[in-house]
Every structure is written in C-alpha cells, then in structure tokens.
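Enquirer: First the structure, which I've put down as structure tokens, then a few questions once you've had a look.
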Amino acid sequence: MNESSVLVIESDPIVRESLSGWLSSTGFEVTSAEDGEKIVKVFAKSDFNIVIMDVRLHSETQLATLREMKAIRPWIKTIIIAAHPQEETVLEAKKIGVVDYIVKPVDMDDLQRIIQGSVESIYKDNVNITDDNTSFESSGDELVPGIKKSFAISREYLSLMVENLLRETEVIGVKAKQGKYIYDRIHGFYELSLDYDVTVSPPTRYMFPAKETLLKFKTGNGNHVEPVIESTPRVIIGVHPYDIKAIELLDDVFMNHNPDPNYIARRENTIIIGVDCLHPSPRSFAPSMGTNWTETGFDLLLTDIGNSYIVKIGTEKGAELLAKHTKYRLPTGDEIVRQKKVRGEALNRYKVALDTPKDRIPKILEESYDDPYWENRSATCLSCGSCIMVCPTCYCFDVKDEMALNLTEGERFRRWDGCMLVDFAKVASGENFRKDKASRFRHRMFRKGKYILERYGKVGCVGCGRCSSACLAGIASPLEAFNSLAENIRLKEAATSVIQPAKQAMDIYTPEMAEILSVRQLTEKEKVFELKLKSGKKLGHYPGQFVTVSIMGTGEAPLSISSSPLRGKNFQLAVRSMGDLTSALHSVEAGATVGIRGPFGNGFPLETLEGRDLLLIAGGIGLFPLRSLIQYVMDRRYDYGKVSLLYGCRTPAERVFTDELDFWQNSKDIDFHETVDLQSEGWTGNVGVITNLIDKVEIDPKKTMVAVVGPPIMYKFVIEKLKKRDLPDAHVFLSLERKMKCGVGKCGHCQINGIYTCQEGPVFSLTQLRSLREAVL
Amino acid sequence: MKPKVAFFDFTGCEGCQLDALNLDAEDLIDLLNGVDIVDFREVMTERSDNYDIAFVEGSITTEGEIERIKKIREQAKIVVALGACACIGGVNCLKNHVPMEEALRIVYGKDAKYYNTIPARPADAVIKVDHYVRGCPPSTAELVKVIKALLMNKKPDIPSYPVCVECKMAGNICVYEKGQTCLGPVTRAGCNAICITSGRYCWGCRGLVDEPNIQSQKDILNKYGLTAEQVIEKFKIYDTCSEVLK
Numbered sequence: 010m011n012e013s014s015v016l017v018i019e020s021d022p023i024v025r026e027s028l029s030g031w032l033s034s035t036g037f038e039v040t041s042a043e044d045g046e047k048i049v050k051v052f053a054k055s056d057f058n059i060v061i062m063d064v065r066l067h068s069e070t071q072l073a074t075l076r077e078m079k080a081i082r083p084w085i086k087t088i089i090i091a092a093h094p095q096e097e098t099v100l101e102a103k104k105i106g107v108v109d110y111i112v113k114p115v116d117m118d119d120l121q122r123i124i125q126g127s128v129e130s131i132y133k134d135n136v137n138i139t140d141d142n143t144s145f146e147s148s149g150d151e152l153v154p155g156i157k158k159s160f161a162i163s164r165e166y167l168s169l170m171v172e173n174l175l176r177e178t179e180v181i182g183v184k185a186k187q188g189k190y191i192y193d194r195i196h197g198f199y200e201l202s203l204d205y206d207v208t209v210s211p212p213t214r215y216m217f218p219a220k221e222t223l224l225k226f227k228t229g230n231g232n233h234v235e236p237v238i239e240s241t242p243r244v245i246i247g248v249h250p251y252d253i254k255a256i257e258l259l260d261d262v263f264m265n266h267n268p269d270p271n272y273i274a275r276r277e278n279t280i281i282i283g284v285d286c287l288h289p290s291p292r293s294f295a296p297s298m299g300t301n302w303t304e305t306g307f308d309l310l311l312t313d314i315g316n317s318y319i320v321k322i323g324t325e326k327g328a329e330l331l332a333k334h335t336k337y338r339l340p341t342g343d344e345i346v347r348q349k350k351v352r353g354e355a356l357n358r359y360k361v362a363l364d365t366p367k368d369r370i371p372k373i374l375e376e377s378y379d380d381p382y383w384e385n386r387s388a389t390c391l392s393c394g395s396c397i398m399v400c401p402t403c404y405c406f407d408v409k410d411e412m413a414l415n416l417t418e419g420e421r422f423r424r425w426d427g428c429m430l431v432d433f434a435k436v437a438s439g440e441n442f443r444k445d446k447a448s449r450f451r452h453r454m455f456r457k458g459k460y461i462l463e464r465y466g467k468v469g470c471v472g473c474g475r476c477s478s479a480c481l482a483g484i485a486s487p488l489e490a491f492n493s494l495a496e497n498i499r500l501k502e503a504a505t506s507v508i509q510p511a512k513q514a515m516d517i518y519t520p521e522m523a524e525i526l527s528v529r530q531l532t533e534k535e536k537v538f539e540l541k542l543k544s545g546k547k548l549g550h551y552p553g554q555f556v557t558v559s560i561m562g563t564g565e566a567p568l569s570i571s572s573s574p575l576r577g578k579n580f581q582l583a584v585r586s587m588g589d590l591t592s593a594l595h596s597v598e599a600g601a602t603v604g605i606r607g608p609f610g611n612g613f614p615l616e617t618l619e620g621r622d623l624l625l626i627a628g629g630i631g632l633f634p635l636r637s638l639i640q641y642v643m644d645r646r647y648d649y650g651k652v653s654l655l656y657g658c659r660t661p662a663e664r665v666f667t668d669e670l671d672f673w674q675n676s677k678d679i680d681f682h683e684t685v686d687l688q689s690e691g692w693t694g695n696v697g698v699i700t701n702l703i704d705k706v707e708i709d710p711k712k713t714m715v716a717v718v719g720p721p722i723m724y725k726f727v728i729e730k731l732k733k734r735d736l737p738d739a740h741v742f743l744s745l746e747r748k749m750k751c752g753v754g755k756c757g758h759c760q761i762n763g764i765y766t767c768q769e770g771p772v773f774s775l776t777q778l779r780s781l782r783e784a785v786l
Numbered sequence: 020m021k022p023k024v025a026f027f028d029f030t031g032c033e034g035c036q037l038d039a040l041n042l043d044a045e046d047l048i049d050l051l052n053g054v055d056i057v058d059f060r061e062v063m064t065e066r067s068d069n070y071d072i073a074f075v076e077g078s079i080t081t082e083g084e085i086e087r088i089k090k091i092r093e094q095a096k097i098v099v100a101l102g103a104c105a106c107i108g109g110v111n112c113l114k115n116h117v118p119m120e121e122a123l124r125i126v127y128g129k130d131a132k133y134y135n136t137i138p139a140r141p142a143d144a145v146i147k148v149d150h151y152v153r154g155c156p157p158s159t160a161e162l163v164k165v166i167k168a169l170l171m172n173k174k175p176d177i178p179s180y181p182v183c184v185e186c187k188m189a190g191n192i193c194v195y196e197k198g199q200t201c202l203g204p205v206t207r208a209g210c211n212a213i214c215i216t217s218g219r220y221c222w223g224c225r226g227l228v229d230e231p232n233i234q235s236q237k238d239i240l241n242k243y244g245l246t247a248e249q250v251i252e253k254f255k256i257y258d259t260c261s262e263v264l265k
C-alpha cells in the first residue's frame, strides 16, 4: 500500500515540513496544508487515506473540520498531534473517529508504528465492513453509499487480474456471439465484453446446470447407490446486478431450505465478479424490481467509469483475489463522482418500467386470479418453454433414471423442467392439474410476482427482460402482465418472510435402502408391500405422510404410507399399478430391495383430531393413505370420541383390504359403512355414491373432525354434503394428489398456487384449500 | 428369454437402419446380450418370422406395403416406428401434393405405367404403433434409449415439449433472433436441438408436440416475413403438420 496518500495539517511550518519530508522518504504521497480553512478545497480535489492533524487547545473549528472530512471520506484514518492534549478534546476526537493521538514533540518511531497500523486497518476495514441494505432505487442522491469498501483499478490492472486468474482457474465471462452476448469460458481478457446489455441465457446454469447426475447406482444384489456431487472451481466475471439478485434467490432456495448438496458444492466453488449494468437491454425493467444495483451477492463488483473501474469488495474471497492478482488503489474524488454520474446515466437508459410500485404486484395478482387476461393473453402461447428456460429465477426440475445398455448400472439425473410445459403437472394416472395454457401462463406470472416473494422474501422476477426477448409470441414479459393487471386494484403492502441463515447440506436425493418383507395381492391391480429400512431404523412417519420409492433404473415415485407408525418398525405401502415405477414395483417379490426417501409432507393434524369425534371418508384407493390414520386411531381408540368410517369404491371387485373391511364391519369401536357405485353379482351391500353414506351417520358438527381421501371428483360432492351437515371448513381435512418428484419443495411440480404439496401438504384443511384457487373444489 | 428383434424397411432411404448400426462395439455387445436380432436385411442373411419386437422403417407408399406391415403387426408383440418416414410420413409425403399419376410420371417417365403408388403415409396410419424412434435420422442414442425402456418395461423418456426447451438448455441464440425461421417451437424435442446447435434451424423432422399451437406458429412465421405459401413449404418438408396443410 505504498500508494497510500497522507494529508498533513500543521500550522507550525517547521514541524509541517519535517513531518512531510520524513513521510515522503518512507514512500507516502504527501500533501500538506496550513489549516482547516483550505483543507476542504484540497479535499474535494484529491484523495487521502490518512490525515495527520495538529490540534490546538479547545479548537472547535478544527474538530468541525475533522467531522467534515469524515463525512466526505468516511474511510480516512485520522491521527491527531497535540502539544497539550485535553481529555475532552481527545474524547471528542475519538467520537469523530480519530484512530490515535500523539503528544508533541513527535516521536518518529511512534508515528511510524501508528501509521503502519492505520494502513493495515484500511485494508481490513474494506474487507469486513458490512453495509446495511442501503438501496439505490429511491433517489439519485444515494447512488454512492458504502463507498468505504470501494477501490479503483485501471483497465490494465483488471486485465492483469483476469490473466492471472486464467492461470489458476476456470474463468467464465460474458462475450459477444452473433450480435448477442453469452456466458462462456474465456481464455483471455480480450474476449470479455463487460459493457454488454444482457446475455441470452443467465449465469445461473453454472450453479444449477440444465442436466446433472444426482446418483449413480448398480442394480441387482445390494443395490449400490452413491450420490454424485460435481463442481469445478470457477470465477464468473461480468454478472449484472439483476442476475446477482437471481443467484441470491437460488441460494436461498437451495442452501437454506432442505440444503441441496449439488447446488451448494457448485456455489461454494464459484466466485462472482459482478459488473454494473450501464447499457441495459431495451426490455429490461430492473429498476422497477429494485435489482439494477446490488450491495450483496458478489465477491467483487465493478463499475466501468472510463479508463478505470471502481471495484467494490463484497467478500473476503473477493478481497484476497484482488490482493493476490493485481494492483488497486483508493478511488480519487473525481472517480467517485464519475461512478455516480455513469450510474445516473444508466438509470436514464431504461426504456420500460412498472406503472405501479413493485410491492403492489402480489396484491394485483391476487385480485386478478379470475381475470380474462390470462385466457386472452395466452391464446398465442406455444408452450415452448423458452421463457422459463432463459429465466434466471426459474429453478424447477424433473428427475429421471437412465440405465446403461448393460441394464445393471445407471444414473439418476435431474433436468430443467418448468410450469409452462404441457406435462409439468401431469401424474401417472393421466390427470393433468394444469392442463390449459391459461392456467400455466397464470401460474408462471404468479410465481414471478407473488409465490416466490411470499415464500422467500425475494423478488421472483428480476426484470432482466430475457423472457420477453425469447418469447416468439410476445406474451412472456411479467412487466406487461403486471402493468396490464395493475389498473383498478387498490394498494396494499406485500408481506415478506424472514430469511434463515444457510444450513448444512443434507443428502436429500439419496434414497435409503429398504427391504420388501412381504407382498400381498389386494385386487387385480393393487398390492400391499411391507417394508423395513435396512438401517434398522424406524421410518418415523405420521399418518398421512408419504415416501418416495425408488427402483434404480426405473425411477422414483411418491407413495403414501398405508400403515400406522404405532405398529412396529415395518411400514406398509399399498400400491396400484399405474405408471412405470408402480408397475415395476408390482413385479418385484419379497426379499427385493427398493430405495426410500422421506417421510415427506405434513400428515393428518393429530393434535387437532385428538379427543374429537371422527368421520373418516375414503374413496377407492384413498383408503391407502387413510388406513394409516384408521389404524392409528384404532390403536389409540381411547383418545377419540365416536369414530365413523365411510368407504366407497367403483365395483365390489375393487374393494381393497377386504379382511379389514370385514373386521371394521364387526367392530364395536368403529361405525363402518360402505358402498359400491356399480352393482355386481354376489354383492348384497349398499349401491350408490359415497355421499349417500354420510346420511347414515350422526354428526355433531361442533365435536366432529373429518378426514377425506379420494379422487378429486369425490371431494366436490363430499364437501357439498358436509356443508349441508353444518360442518365448519376448519374441521374438514383432505389429502390431495399432485405430481411430485423431489419431495423437498424444490422441483416445482406439486405446487398448488404458492403452496408446495410435498411440504405444506398433502393434507390440507378445507379452510386452507378455499384460499388455494388451483385446488379446485 | 431374450426378446427377438427384427428390422423391416418400407419406403425410405434406409439411413435409419444404417444409423442403428452405428453403435460402438461395447454397446453392440451389451445390446446383443439383451436381445436376439433375428431379421435385419442390411446386416444379415438369416431371416425369421418369429419375433417379439419389430422396428419398421420408411413410410407406406404401396398397397403391397399395407399388407406387409399388417402381417408384421399380427406377428409382433411390440411395433416401433423407426425414423421420420415411419413416424410421421417424412419427405415421401411431398409427393402427396401432386396427383399420383403425375408423381409416377415425374419419377419414372415413360415407364410410369409399370408402377403403382398411393399417397405416402406413416406406419400408424395403417397399424397401431407402440413406440416411436423419431428423427431424420434418429440418433443411435435414442434408439438405444427406446430399446432399454422396452427391456425394462417402462415408458421411454421422450419429451413431450418442443425443441425450444433443449435449444435453450444448450444456450443457443434463437434462430429467429438471427432473422431466420425455425420449426423448433412446435417440434417434439429429444434431439438436443442438434441442428440449431450446429448453426442450422429446425426442419421439424421429429414431428409435432402433443399440443402444438399451429395457428400461433403460423402467425409467427408470417411476422418474420414468410408468406402463407412459404409457411406451408416450411411445414411440408417432413409433412410435420398434415393438419397445417388441411
């Protein structure tokens, strides 16, 4: 730091000159001044990091000068020299931020020690000081807060840094290609285009690639499964603030909630050198989303101010990198003014903006759920997925198995997927929970403007404008949607949640092996499997929760647990053969090994049910999940009031767990009724829809809690019937089916509006469901 | 018991079969560990009428081919259409835009009277097809993927979404952004957008996605300067959208 410059303020010409001479000889750049009056002028023109000032007795003027200097350059280190130091003067000086004082006559050794200490602390301060979240968005006057972390670096020295980095690591940078800009590996500083507008696809792919292996496995004996976590150390240079904001969102999604080992490994191996966006794309509306500047999320952040860059240090990693690879200095006053100027000019270059404050967006969307806008605007949607594939805040994915041709080994990989694609919410039975263009279009806009914000407290759209460029039909820009819907909607503040600090990564994608102890055929299409974790541990589930079952090579599917947690270490899964996984499961025999992840989801609200009368209603294979609750209740029968169970299925041949049905029929502990939709020979029981059975049960609406599991169509009619019996919504609980892949609230398939079924569900109270429009009751 | 596999060709260039053979040695051995190939005219002289899985290549362009493919359907447990001609009709369907007599005259001149032809059609216009290996030609990897799925009795992982998804995954600059046009938005993915990645555009050889928005695609092509006739020409090459032409 021999570039450090010192300002000496001393009225005694002899002391002033000897001190200046000595400092110059030790390598400092020295400016000297006689007294405070002239200082401010000197100060505006040049920059200093150390000020040595002579303070006389009771000198209010001098302390005022000190204050003024500190205000302009908060980072300066001031040392005062006093002939007769007064305690109060010293105290006051300390308050202003003076680092030390020396008593005249000056001992040069002392001074050298103090100056050395100050020089070292300048470096440290620049690394460690964390700014409060000052936002740039409101006014031009606040464009340069937190300057204390900033340095200046010439273009040549930036080039030197990049060239040095290239010698030791992979460097990804923004470069020009066919009239556009892309992120790609660079091999020299000359390849970089740091004055770009926007890249075709965002840098998030370096943390969350389009396709990545999660597990490698061998089938057959032992079913060997091993997680795959790959990451390469790399530096990404040229990331715009809006993309940095997007990465901060992904950090929150993948590092704080069910920490994702694959993402974390990559993220921790990545250094981000941001650059201010001074020539925004004509489609960008980053200022409207508050993402055109950032104070966090980078290791270093550059602002191009002409021949040099202002470089702001974000992290210790960034500081080390700067110190190790290049030379930098403190910015001059002129440079700081220029940074302010170029940022101001950039702000004027944005062509489009929100017509409404961004905080209003959630409310606007909420009130526009049924607006004809969705239907009309999505008419030309190609469902091509371009918008979501170029979006820096989209992170949904699909999980698949791929076997090698020898069919004995393979891998489980994840691949980008997204809610605009036709099959995104389609389950094995063929039901598609978002089958029309309008509902998919709406869901995406809700994610961008509401759901993500509510879940993570961060904007779900950073206003980069990429989707708007990528959409051939010209309908993808959230800006247009938000602006179009904004009219006639009242202002209300959006609620945001609090972000938790990062947690330790967990092995969330690796299944635990479980042995199938027995298999029993229930009907032609249904079997029940009894399993035990090979670790010997108990599954530890609650009634109504589910697990994902893996057959390596075939894939993974969510299956509800059919047995009560009170019945030993084993657990049961009753399964209808429907998709790839379930049909494969049907072909395995006792002794086979499958993978289990979970239990996932919330399960039935046991505390709410306790002490109440229960009305349990199961339609078809809805009995599979409900059985876990029935067993649980039977095992703790004394904890509940009257218990009624209604069961209906299509035909007598489709009745499952017939032995248990008989048992319940004859049990005094439970009031059991059943029916079939279609009569067939030999059936002497009820015929008709399940709602008829509700009439057979006495219900005290105040005391009764209801749990219902069945096909979606059944819910509609059961709910109507329960309404007629005066059951409050808060007393009715339903378990919903949705497509599920990850089970840990990330892949996005199971979302019902802003809720993840695998996390907050699958059991919902009717009160909750009434507020979830996509639940369709 | 290894499933017996047979390959049959109808009207086409036979490039798909050639490509099917393009496996590296190790994969070929693995493949032959999993299946018995009992009929494959391009590589072997033995023939057998006893097979479980039939791969059919080429489109159906004569009455005789109709009879032949129906017999194959009766024999095989699983029929897989191999390549664009078998899956969607392919380039052969270009002749469907002229009267058949005219087509015969253009191809065979004065010998036209010795030949017979019917409008070209994909295999599934004649028989039920269980699986499709798409593309012109299909990638060997996709063929292998389908075979593996059949051996494991699971659905092959063939995307239902369009080429745009894989094109964006590849990080490509959109063909339209370069001022050209492309059928990627309505064409079924699975090719990893190989043509666009190599600097071309999508011709639609893999056929349409399940729910194509044809009207929107046409409007876009118009917007990017194609006349109605040019739009039809664009869709015609692989007969990607018979519906479009209606």
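Those protein sequence lines, which keep their order, are chains A and B.
Using this note's numbering, the first residue of the first sequence is number 10, and each one after it goes up by one.
Using this note's numbering, the first residue of the second sequence is number 20, and each one after it goes up by one.
No residue lacks a Cβ here, since even glycine has one placed at the ideal position from N, Cα and C.
(1) Please tell me whether A:Asp-589 has its Cβ less than 9 Å away from any Cβ of chain B.
(2) With hydrogens ignored, establish whether the beta-carbon of A:Asn-701 is closer than 8 Å to any heavy atom of the ligand SAH.
(3) With distances taken between CB atoms, is the gap from A:Ser-653 to A:Leu-615 smaller than 9 Å?
(4) In chain order, which beta strand (DSSP E) runs of at least 3 residues are fully inside the stretch 433-477 of chain A?
(5) Taking Cβ positions only, does A:Met-412 come closer than 9 Å to chain B?
(6) Which ranges does the beta strand (DSSP E) cover as unbroken runs of at least 3 residues, wholly within the stretch 655-711 of chain A, from first to last along the chain?
(7) Quick check: the stretch 169-177 of chain A against the stretch 163-179 of chain B, are there 3 or more CB pairs under 8 Å?
(8) Which residue's Cα is closest to the Cα of A:Asn-611: A:Ala-662, A:Asp-622, A:Pro-567 and A:Gly-553?
(9) Pick out whichever of A:Arg-292, A:Asp-680, A:Gly-182 and A:Ala-102 has its Cα sitting closest to the Cα of A:Leu-655.
(10) If you measure from the beta carbon of A:Gly-439 to each beta carbon in chain B, is any gap under 9 Å?
(11) Counting only Cβ pairs nearer than 9 Å, list the residues of chain B close to A:Gln-187.
(12) Here's a check: name, in chain order, each residue in its chain whose Cβ is nearer than 8 Å to the Cβ of B:Ile-215, leaving out the five neighbours to either side.
(13) Can you grab the Cα-Cα spacing for the pair A:Ala-295 / A:Phe-455, in whole Å?
(14) Measuring CA to CA, which of B:Ile-72, B:Ala-139 and B:Met-119 is closest to B:Ala-131?
(15) In the DSSP assignment, find the beta strand (DSSP E) that holds B:Phe-74 and state where it starts and stops.
(16) Would you check if there are 3 or more beta carbon pairs closer than 8 Å linking the stretch 255-265 of chain A to the stretch 184-197 of chain A?
(17) Could you name the residues of the same chain whose beta carbon sits closer than 6 Å to that of A:Ala-503, not counting the 5 residues immediately before and after it, in chain order?
(18) Listed in chain order, which residues of the stretch 47-64 of chain B have Cβ atoms closer than 8 Å to some Cβ of chain A?
(19) Per DSSP, what kind of secondary structure is A:Ile-181 in: helix, strand or coil?
(20) List, in chain order, every chain A residue whose beta-carbon is nearer than 9 Å to that of B:Tyr-19.
(21) What does a CB cutoff of less than 7 Å around B:Ala-208 pick up in its chain, not counting 5 residues either side in sequence?
(22) I need the straight-line Cα distance from B:Thr-206 to B:Arg-225, nearest angstrom please.
(23) Report yes if the C-beta distance between A:Ile-461 and A:Gly-427 is below 9 Å; otherwise report no.
(24) Quick check: is the beta carbon of B:Pro-231 nearer than 9 Å to any beta carbon in chain A?
(25) Buried or exposed: which applies to A:Glu-344, given that a residue is buried once 16 or more other Cβ atoms fall within 10 Å of its Cβ?
(26) Between B:Phe-74 and B:Leu-101, which are expected to be in contact by the criterion C-beta below 8 Å, what is the C-beta distance as a whole number of angstroms?
(27) What residues in the stretch 748-780 of chain A bring their beta carbon closer than 8 Å to a beta carbon of chain B?
(28) Rank B:Gly-154, B:Tyr-133 and B:His-116 by C-alpha distance to the C-alpha of B:Glu-33 and give the top, closest one.
(29) What's the C-alpha gap between A:Ile-605 and A:Val-584?
(30) Which chain A residues sit within Cβ distance under 8 Å of B:Met-171?
(31) May I ask you to report which of helix, strand or coil DSSP gives A:Gly-754?
(32) If I measure Cβ to Cβ from B:Leu-123 and keep anything under 7 Å in the same chain, skipping five residues before and after, which residues do I get?
(33) Roughly how many angstroms separate the alpha carbons of A:Ser-780 and A:Gly-182, rounded to a whole number?
(34) If contact means a Cβ-Cβ distance below 9 Å, which residues of the stretch 175-189 of chain B contact chain A?
(35) When the Cα of A:Gly-562 is compared with those of A:Pro-661, A:Asn-415 and A:Asn-675, which residue comes out closest?
Expert: Let me spell this out:
(1) By one-based count along the first sequence, residue 589 of chain A stands at place 580. At least one chain B Cβ lies under 9 Å of A:Asp-589.
(2) Looking for the ligand SAH in the displayed structure turns up nothing, as the structure carries no ligands at all.
(3) As a position in the first sequence, residue 653 of chain A is number 644, starting the count at 1. As a position in the first sequence, residue 615 of chain A is number 606, starting the count at 1. Contact flag unset, no.
(4) none
(5) Position 403 of the first sequence, counted from the first residue, corresponds to residue 412 of chain A. Cβ-Cβ to chain B under 9 Å: yes for A:Met-412.
(6) 680-685
(7) no
(8) The residue given as residue 611 of chain A occupies position 602 in the first sequence. A:Asn-611 has its Cα closest to that of A:Gly-553, out of A:Ala-662, A:Asp-622, A:Pro-567 and A:Gly-553.
(9) Translated into positions along the first sequence, residue 655 of chain A becomes position 646. Residue A:Asp-680 is the option with its Cα nearest to A:Leu-655.
(10) Position 430 of the first sequence, counted from the start, is the residue given in the question as residue 439 of chain A. Not closer than 9 Å to any Cβ of chain B, the Cβ of A:Gly-439 fails to qualify, so no.
(11) For the purposes of this step, residue 187 of chain A is identified with residue 178 of the first sequence, where counting begins at 1. Near A:Gln-187 (Cβ distances below 9 Å), the residues of chain B are Ile-192, Glu-196 and Lys-197.
(12) For the purposes of this step, residue 215 of chain B is taken as residue 196 along the second sequence, with counting starting at 1. Only Val-182, Cys-186, Ala-189, Asn-191, Val-194, Cys-201, Gly-203 and Cys-221 meet the Cβ criterion.
(13) If you number the first sequence from 1, residue 295 of chain A lands on position 286. If you number the first sequence from 1, residue 455 of chain A lands on position 446. Each residue's Cα considered, the two are about 18 Å apart.
(14) Residue 131 of chain B sits at position 112 when you count from the first residue of the second sequence. Ranking the options by Cα distance to B:Ala-131, first place goes to B:Met-119.
(15) The residue you call residue 74 of chain B lines up with position 55 of the second sequence. Segment 72-76, the beta strand (DSSP E) holding B:Phe-74.
(16) no
(17) Counting from one through the first sequence, the residue named residue 503 of chain A turns up at place 494. At A:Ala-503 the pLDDT is 36, less than 50, meaning the model places this residue with poor confidence and gives no usable figure here.
(18) Asp-49, Leu-50, Asn-52 and Gly-53
(19) Numbered from 1 along the first sequence, position 172 holds the residue referred to as residue 181 of chain A. Reduced to three states, the DSSP call for A:Ile-181 is strand.
(20) Missing from the structure shown is residue 19 of chain B; chain B here goes from 20 to 265 and no further.
(21) Taking the second sequence and counting its residues from 1, the one referred to as residue 208 of chain B is at position 189. Once the five neighbours on either side are set aside, the close Cβ partners of B:Ala-208 are Pro-178, Tyr-180, Pro-181, Val-182, Val-184 and Glu-185.
(22) Within the second sequence, numbered from 1, the residue matching residue 206 of chain B stands at position 187. Within the second sequence, numbered from 1, the residue matching residue 225 of chain B stands at position 206. Each residue's alpha carbon lies about 6 Å from the other.
(23) If you number the first sequence from 1, residue 461 of chain A lands on position 452. If you number the first sequence from 1, residue 427 of chain A lands on position 418. Not closer than 9 Å, so no.
(24) The residue given as residue 231 of chain B occupies position 212 in the second sequence. It does: the Cβ of B:Pro-231 has a partner Cβ on chain A nearer than 9 Å.
(25) Taking the first residue of the first sequence as 1, we reach residue 344 of chain A at position 335. A:Glu-344 should be labelled buried.
(26) For the purposes of this step, residue 74 of chain B is taken as residue 55 along the second sequence, with counting starting at 1. For the purposes of this step, residue 101 of chain B is taken as residue 82 along the second sequence, with counting starting at 1. Going by Cβ atoms, the distance from B:Phe-74 to B:Leu-101 rounds to 5 Å, so yes, they are a contact pair.
(27) none
(28) Position 14 of the second sequence, counted from the first residue, corresponds to residue 33 of chain B. It is B:Gly-154 whose Cα lies nearest to the Cα of B:Glu-33.
(29) Numbered from 1 along the first sequence, position 596 holds the residue referred to as residue 605 of chain A. Numbered from 1 along the first sequence, position 575 holds the residue referred to as residue 584 of chain A. Their backbone Cα atoms lie some 15 Å apart in a straight line.
(30) One-based indexing of the second sequence puts residue 171 of chain B at position 152. Under the 8 Å cutoff, chain A gives Met-412, Leu-416, Gly-562, Thr-563 and Ala-593.
(31) Here residue 754 of chain A is taken as the residue at index 745 of the first sequence, counted from 1. A:Gly-754: coil per DSSP, three-state reduction.
(32) On the second sequence, residue 123 of chain B is found 104 positions in, with the first residue counted as 1. Excluding positions up to five away in sequence, the list reads Ala-131, Tyr-134 and Thr-136.
(33) For the purposes of this step, residue 780 of chain A is identified with residue 771 of the first sequence, where counting begins at 1. For the purposes of this step, residue 182 of chain A is identified with residue 173 of the first sequence, where counting begins at 1. Distance between the alpha carbons of A:Ser-780 and A:Gly-182: 45 Å.
(34) Asp-176, Pro-178, Ser-179, Tyr-180, Pro-181, Val-182, Cys-183, Val-184, Glu-185, Cys-186, Lys-187, Met-188 and Ala-189
(35) Mapped onto the first sequence, residue 562 of chain A falls at position 553. For the residues A:Pro-661, A:Asn-415 and A:Asn-675, the minimum Cα distance to A:Gly-562 belongs to A:Asn-415.
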